[in-house]
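Structure record follows, encoded as structure tokens.
Number of protein chains: 2
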Amino acid sequence: MTRLFGLLLLLILTNVAYSQAPLNLMPMPQKLERKEGKLYLDSNFRLSINGNPDVRLYKAATRFLRRLDEQTILWFKQDQITSNLTDEGAILRIEVSRPAKIVLKEDESYSLSINAGKITVKAATDLGAMYALETLLQLLQADQKGFYFPHIEITDSPRFPWRGLMIDVVRHFIPYEVIIRNIDAMATVKMNVLHLHLTDDQGFRIESKKFPKLHEKGSNGKYFTQEQIKDIINYASDRGIRVVPEFDMPGHASSWFPGYPEYASAQRIYEIETKYSHFEPAPTMDPTNEQLYIFLDQFFEEMTALFPDEYIHIGGDENSGKQWDANPKIQEYKQRHNLKSNMELQTQFNHRLQDILSRYKRKMMGWDEILEPGISKDIMIHSWRGKKSLNEAAKKGYPVILSHGFYIDLLYSAQDYYLNDPLSESKDLTESELSNIYGGEAAMWTELATAETIDSRIWPFAAAIAERLWSSKEIRDVKDMYRRLDKVNNRLEFLGIAHKKNYEVMLKRLANGTDIAAIRTLLDVVEPMKGLSRRKQGITYYTYTPLTMAADAARPDSKVAREFSYLIDEFTITPAPHLADSIKRQYQIWIDNHEKLKNTMRFAPAIRELEPVSENLKRLSEIGIGLVNYLQKKSKGKLKEREKISEAQLKEFGTFFKVAGKPWANVEFVVLIKATERLLNEAKK
Amino acid sequence: MTRLFGLLLLLILTNVAYSQAPLNLMPMPQKLERKEGKLYLDSNFRLSINGNPDVRLYKAATRFLRRLDEQTILWFKQDQITSNLTDEGAILRIEVSRPAKIVLKEDESYSLSINAGKITVKAATDLGAMYALETLLQLLQADQKGFYFPHIEITDSPRFPWRGLMIDVVRHFIPYEVIIRNIDAMATVKMNVLHLHLTDDQGFRIESKKFPKLHEKGSNGKYFTQEQIKDIINYASDRGIRVVPEFDMPGHASSWFPGYPEYASAQRIYEIETKYSHFEPAPTMDPTNEQLYIFLDQFFEEMTALFPDEYIHIGGDENSGKQWDANPKIQEYKQRHNLKSNMELQTQFNHRLQDILSRYKRKMMGWDEILEPGISKDIMIHSWRGKKSLNEAAKKGYPVILSHGFYIDLLYSAQDYYLNDPLSESKDLTESELSNIYGGEAAMWTELATAETIDSRIWPFAAAIAERLWSSKEIRDVKDMYRRLDKVNNRLEFLGIAHKKNYEVMLKRLANGTDIAAIRTLLDVVEPMKGLSRRKQGITYYTYTPLTMAADAARPDSKVAREFSYLIDEFTITPAPHLADSIKRQYQIWIDNHEKLKNTMRFAPAIRELEPVSENLKRLSEIGIGLVNYLQKKSKGKLKEREKISEAQLKEFGTFFKVAGKPWANVEFVVLIKATERLLNEAKK
């Protein structure tokens, strides 16, 4: 009841009150009340910190000040923020009760009040205070008089305590500086867990001083040094972000064996994989080898000294068991120990791992395959196969987080990720069972992403997931989400995120020194193939395949296509002339673009594969213009019988939509086809 | 005679022969002969390496392969290049006699031959072979049939052995990844020395394990760890680049003293400076303190273990001596030792430094102030005050390099830097004296540059300097330089250089979320104030002043302005109607832009300072259109007496040009004013 009232109030206040400029907050706070009035900024802006925060807040406040000054160019007089700071002249006063620990379920709440020349932030810990500063930066507005913060009262805290981003740094190595800038981006949308997928078949991406052959023979020289890892952990911790490392085992483990083949289930010479699949029997650790546990014990002793987080992710997914089946010694072991399946053998392996991790005071985390009878209750389950496993784990009393539906590398739309509520299928769970669901993680696998493209796969989509995990479940207005996402998207650039700027670089590379206008017009509306379809076309991608193609430059969830689709929706409701004009103008751009693109192609061989795509878009546009003209005539009642669309034409259009809807050159423009189909459906009526 | 013939041949072959696509090489090779024919590329492209190279060549060849594949998207089948490689099927065959040492005067020569399906690279060392690969990448062309290399014969070696880039990482810290990408860029234009200015008044940017208070108290946390330095050195060495560290002393030394005030010439508490000047008496080491030499000995013992290069740069510049003058103990020391000036005291200090460096088998290098009587001949002089000191050093037998005229942070044009021949004033020198001039360094100081903007200050201007230092002195066609520079400029983007992509980000920040078109139109033709003028306006810049202003986004040497200026030149020679139309169209864009910009400003307070700039550009454009119309009428003989420009008008224009020529908002558009003045001069005739 209170909640519903709060929601209504929120909607009223954010959308209509006082005809104020709309707020661009993401994630939306739990409670927000706008007031009349504005607090204008000038060079005297100054902040103070009171109470007992961790030192990280001084650094965060300094960064806040510099970011605000970079945006406003007001030349703030205040320099470095330190602990010896007076309240005198402070416009922004921050009060914190105690230093935060960077652990799961730390207090992240805050309140933020802006009124008559004063900004007040109160928080139990410096985490809350840092979130308040991010909210404040998002509140910055400008009018004729200058930059200002609107008067407002905010009370905020997260819905879920685990709001993560997983980055696969194996399939393509994602270097230090890319991780660093993504941590900055995470912080702006209040994400608090960076999960690094550090080892897999294609590489061992972390230095081991105890077992240097791991990274030396397992990485082609592409790995994080321990010093870099320490830097990443400190950098993340300074922003309230935990770092959870993953060492995938017993499968996905090829990269352990170039250095240490003795721990594999088949004795041969190993190299790291350059393909992503089809290397069965997949290299797998031999769980019957007692030496393996001594080795892993020492390995985890080293890694737990490096990673302070209480959770260590051991993967545990997709163990095909083929190497185990082919090894008589392992078969014999299973019989001797009465293990009926490979899964039972893996569960036994997991028990051993858990013993090792406990020794180093760590909890185990793994993909949902590890949820097998007998595994102890303090492990964290990471659900990737579906909400069934999420709920099953929660019911059984296991802490669990969700990544199913949050695989951003599959390049679905922000809307899809946004509407994926972790609790949408948990109606049968009790309150206590629900509390086992700790949140979720956006998962960014990198078979088809590189350091150059990864930002454009993560952002801004992860921000939609961040809001899903932070804000109230009632916040799910897709259009408003897209409006705010657009603002986040711009602000991310100021943090160094290269999602937009590398797009242009990639277009230039494709254009081979010629003009990029035509390529851009096309790639602005096409999207890379979604799901696993690009990799499932019978083409083998290697780790060294150039990911500089049109499909790599193109981004998921095209804004141009989406807004065009909205325009068509409007037109099908009210066929107003100005809408018809806008639609036809856009279609005409795509028609004209075809010749321009063909001209560009003459000296840009790398985009010649796009010719059929552009041709199809041109044809679609011609059909679209015809349909708009038709619908306009129809709405005016001027349509003659002989002008009506024939059955043959309808069929021809339908066939064309099907052909054009297939991916060519690994890209598609299904949104435009569907929009044009809606015109056709109107015409059929 | 042979040289002149070679030059003529070169000009003929590069510019006219066979109507082939022009080559986009930079720096231009010493000898080049184009042949009829093209070598087309496909997925079977393969290379082999023979002879006895350093292992760095295998890594370089792998990078070459991937870069070529990323550009062409041909899906080369060849993966990692290793030493066990056969010639079978190799299109590109590389032959190297011996491993290179990364030292001054190593053999950098190579030959490259492309013909009938074969590419052959021969080099004495892997350095030459790596340069050949860079040349090859620059030779890539495309036509209707696909990507190809033109048939060609190249023989190449550098004019000077020291082709450097100095980066000041103190005034603004320039982080690891920015250094790394700039090393990549240096390698593509065959630069071979990275000089890091590591310490100065505003920061101590390197970790010292022996004296941790140096970086801990002297850097605000912004410094390179020793591991990062090792990485930078290895990364550079893999690309044939030496790393020369600079520790500036005895002046420019404030950042040593927060940790170790006892070595300063005045005993007080020190902090690192946040201003760039006006902190006299400037903190200076006390050369009369014997403990200082023990300290420096230990410090250099640590640093020489880290930096393998034979040269250590000790700065030595701009010691005001004020702290020495104010210290009676130092005055007394000078008297006792019969030292007549502070310079003599500094020279004594330099002798001591040289002794220390010799102990660690290193040679000393310093700015030209250190060239004083009695200093031994194996020090390297770094001339920054003018060619006088360059020639003086060379005559006296000192090895010397030039940075005067290569200060790229002063934001002059590529043309200015390009035409600055190190030997232009050395006609009196003997061959042997000339051989003391080893080359030069582009110098990038960072009072007004940050990690975000530095690439746009270095590139592509440093490429023009790279050509000056590599190519024959006869290569100095400015228009052709700009044509090729433009190609370099694009290719730099593929290496991650952010000179262009960060421009757009900065425009967006300035636009505060509104459309950037109008800001871009303006900033595309204005340039930041040149020389030291921006800092000499009576405004104090601090290390934390936001460098996100219009002047920071604007780049030196506007291409739009330059090309417009060329257009005006053409028109003043032949007032053809199509030229008049082009000029008027461009002027009209600037006129129309003014209203658009004012509209943008409404919600973008950070660009309001640009209003007078835009207003002046509008007025200039109006005058320009009037003059073009006038000149057209005049050329047709249709000008009536009463239409002639009056003296009063002439005077008014002249006054306006002067006012508009002054910098507003730290930017200027002098090139456009001069171009319009040329129209006026034509009109006066």
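Chains A and B supply the protein sequences, listed in that same order.
Taken in order, the first sequence gives residues 51 to 735; the numbers are from the working numbering.
Taken in order, the second sequence gives residues 51 to 735; the numbers are from the working numbering.
Just so it is clear, CB atoms sit at the ideal spot from N, CA and C, and this is done for glycine as well.
Predicted model, so just to flag it, every value in this text is computed and none were measured.
Asked	Found
Test item: CB-CB of Gly365 of chain B and Gly416 of chain B under 9 angstroms	yes
Cβ-Cβ distance between Glu497 of chain A and Tyr326 of chain A below 9 angstroms	yes
Close Cβ partners of Asp250 of chain B (< 6 angstroms) along its chain, the five nearest in sequence each way excluded	Val220, Asp298, His302
Tyr285 of chain B, enclosing alpha helix (DSSP H) - first and last residue	276-287
DSSP-derived helix/strand/coil call for Arg252 of chain B	The identity of residue 252 of chain B in the sequence shown is Gln, whereas the question assumes Arg. Reduced to three states, the DSSP call for Gln252 of chain B is coil.
Collapsed DSSP secondary structure at Arg113 of chain B in the structure displayed	helix
is_contact[Ile123 of chain B, chain A] using C-beta, thresh 9 angstroms	yes
With 16 other Cβ atoms within 10 Å as the buried cut-off, status of Ile566 of chain A	buried
Endpoints, alpha helix (DSSP H) assigned at Gln341 of chain B	340-356
Distance between Asp530 of chain A and Pro225 of chain B (C-alpha atoms, nearest Å)	38 angstroms
Proximity of Lys240 of chain B and Ala492 of chain B at Cβ, strictly below 9 angstroms	no
Under 8 angstroms (Cβ pairs) to chain B, residues found in the stretch 286-315 of chain A	none
Val555 of chain A at chain B interface by Cβ criterion, 9 angstroms	yes
Residues of the stretch 564-596 of chain B whose Cβ lies closer than 8 angstroms to any Cβ of chain A, in chain order	Tyr592, Tyr594, Thr595, Pro596
Sequence ranges, alpha helix (DSSP H) only - wholly within the stretch 669-716 of chain A, length at least 4	697-711
Between the CA atoms of Thr324 of chain A and Glu330 of chain A - distance to the nearest angstrom	13 angstroms
Under 9 angstroms between C-beta atoms of Ala182 of chain A and Ser161 of chain A	yes
Cα-Cα separation, Ala603 of chain A to Leu107 of chain B	30 angstroms
Bounding residues of the beta strand (DSSP E) (the contiguous stretch that carries His738 of chain B)	Outside the displayed range of chain B (51 to 735) lies residue 738 of chain B, so it cannot be described from this structure.
Residues that Phe197 of chain B contacts on chain A, provided the C-beta gap is smaller than 9 angstroms	Asn562, Pro655, Ala656
Contact list for Ala192 of chain B against chain A, beta-carbon separation under 8 angstroms	Asn562, Phe653, Ala654, Pro655
Collapsed DSSP secondary structure at Trp374 of chain A in the structure displayed	helix
Where Ala174 of chain A falls: helix, strand or coil (DSSP)	strand
Beta bridge counterpart(s) of Gln587 of chain A as assigned by DSSP	Bridge partners of Gln587 of chain A: none, in fact.
Euclidean distance between Cα positions of Glu691 of chain A and Trp714 of chain A	38 angstroms
Residue from B:Ser315, B:Tyr285, B:Gly371, B:Phe349 with nearest C-alpha to Lys109 of chain B	B:Tyr285
Chain-order list of residues whose beta-carbon lies under 7 angstroms from that of Ala514 of chain A (same chain, five-residue window excluded)	Ala464, Tyr467, Tyr468, Met531, Leu535
Limits of the beta strand (DSSP E) - the one that Ser147 of chain B falls within	142-148
Alpha-carbon to alpha-carbon, Met494 of chain A and Tyr592 of chain A	18 angstroms
CB contact check: Lys448 of chain B to chain A, cutoff 9 angstroms	Here residue 448 of chain B is Tyr; the residue named in the question, Lys, does not match the sequence. For Tyr448 of chain B, the answer is no, since every Cβ of chain A falls outside 9 angstroms of its Cβ.
Integer-rounded CB distance, given that Ser433 of chain B should sit under 8 angstroms from Ser453 of chain B	7 angstroms
Nearest to Ile657 of chain B (by Cα), restricted to the options A:Gln194, A:Val105, A:Ile164	A:Gln194
Cβ-based contacts, 7 angstroms cut-off: residues of the stretch 493-524 of chain A near chain B	none
Gly301 of chain A in three-state terms, based on DSSP	coil
Three-pair Cβ contact test at 8 angstroms for the stretch 383-401 of chain A versus the stretch 209-223 of chain A	no
DSSP bridge partner residues for Arg292 of chain A (one or two, in chain order)	A:Val243
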